[in-house]
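**Student:**
Residue numbers (the UniProt record's numbering): 1 to 81.
Written as structure tokens, this is what we have:
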């Protein structure tokens with residue numbers, strides 16, 4: 001998954017204070033070391049081939065995968081009297 005620099009997309013209605021990158025989007029194909037084909041929605045209205053300078057890796061936040069089970073909650077109060 002990668003994110004794309006907003007400057008690489010056609011001009012639209014966006015704020016200069018908005019996000020600088022859009023995405024994440026999956027990579028469909030590696031053309032060579034400098035170019036990748038990205039799975040873009042059709043409403044973007046641009047080619048789906050991007051240079052690596054326009055792409056940034058996407059790292060999902062750790063908070064999305066954090067869960068507390070009932071067993072973990074029971075152990076956290078075991079040391080208290």
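All C-beta atoms, glycine included, are put in the ideal place defined by N, C-alpha and C.
Beta-carbon separation of residue 2 and residue 27 under 8 Å?
**Tutor:** yes
**Student:** Give me the residue from 56, 16, 49 and 9 with the minimum Cα distance to residue 35.
**Tutor:** The residue with the shortest Cα to Cα distance from residue 35 is 49.
**Student:** Grouping DSSP H, G and I as helix and E and B as strand, with all else coil, what is residue 24?
**Tutor:** strand
**Student:** Is it buried or exposed for residue 4, if we count other Cβ within 10 angstroms and need 16 for buried?
**Tutor:** buried
**Student:** Is it buried or exposed, residue 38, if we count other Cβ atoms within 10 angstroms and call 16 or more buried?
**Tutor:** The residue is buried, with at least 16 neighbouring Cβ atoms inside 10 Å.
**Student:** Just the C-alpha distance for residue 19 and residue 30, rounded to the nearest angstrom, thanks.
**Tutor:** 26 Å
**Student:** What does a CB cutoff of less than 7 Å around residue 56 pick up in its chain, not counting 5 residues either side in sequence?
**Tutor:** Closer than 7 Å at Cβ, skipping near neighbours: 2, 3 and 21.
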